[in-house]
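Notes to accompany the following structure.
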Amino acid sequence: MTLPTSLRNIHGTSHTLTIHDANSILRSHNANAVTITIPSDSDVPFELGTIIVVAKVGAGNITLVAASGVILQSADATITAQFTQNGLVKVGFNQWQFG
């Protein structure tokens, strides 16, 4: 497991995770709602233990959604409070936990 080592900004209202997002902090300054899609392992082969911190800086809520075949384990996959962040961790093949 590697702790986040880079800071990346999300531009726009939708973002599909790429290998460049691995072990980084993703920040959204958007005033509108943002959707982040977690791709399947066949599309983006993240390593087991990958950590991605998702930070809400702007007013727009951030919602994580899982692509087909991906399991997202989370009590609430939406960040609603401004200046809040949650961690997304890859815990298995096509399986992530968020909270």
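For the sequence shown, counting from 1, position 85 maps to 172 in our numbering; every step adds exactly one.
Positions of the beta carbon are idealized from the N, C-alpha and C atoms, including for glycine.
Bear in mind the structure is a predicted one, so any value in this text is a computation, not a measurement.
query = Which whole-angstrom value describes the C-beta separation of ASN181 and GLY156, a residue pair presumed to lie in contact below a C-beta threshold of 8 Å?
reply = 6 Å
ask   = What's the gap between the Cα of THR105 and the Cα of ASP163?
value = 22 Å
request  = Could you check which residue in VAL121, ASN110, ASP130, VAL144 has the C-alpha nearest to that of GLN172?
outcome  = VAL144
query = Since ILE97 sits in a beta bridge, which residues does DSSP pair it with?
reply = SER115
inquiry  = Let me check one thing: in DSSP terms, what residues is GLN184 bridge-paired to?
reply    = GLN160, VAL176
request  = Please report the residue range of the beta strand (DSSP E) in which ASP124 lies.
outcome  = The sequence as given places Thr at residue 124; Asp does not occur at that position. Taken as a continuous stretch (DSSP letters only), the beta strand (DSSP E) holding THR124 covers 121-125.
ask   = When the Cα atoms are used, what is the spatial distance from GLY179 to LEU135?
value = 6 Å
request  = Name the residue from ALA168, LEU151, GLN169, ASN96 whose alpha carbon lies nearest to the alpha carbon of TRP183.
outcome  = LEU151
message = Quick check on this structure: which residue in THR167, THR92, THR100, PHE185 has the alpha carbon closest to the alpha carbon of ILE158?
response = PHE185
First through last residue of the beta strand (DSSP E) which encompasses ILE138 = Start and end: 138-143.
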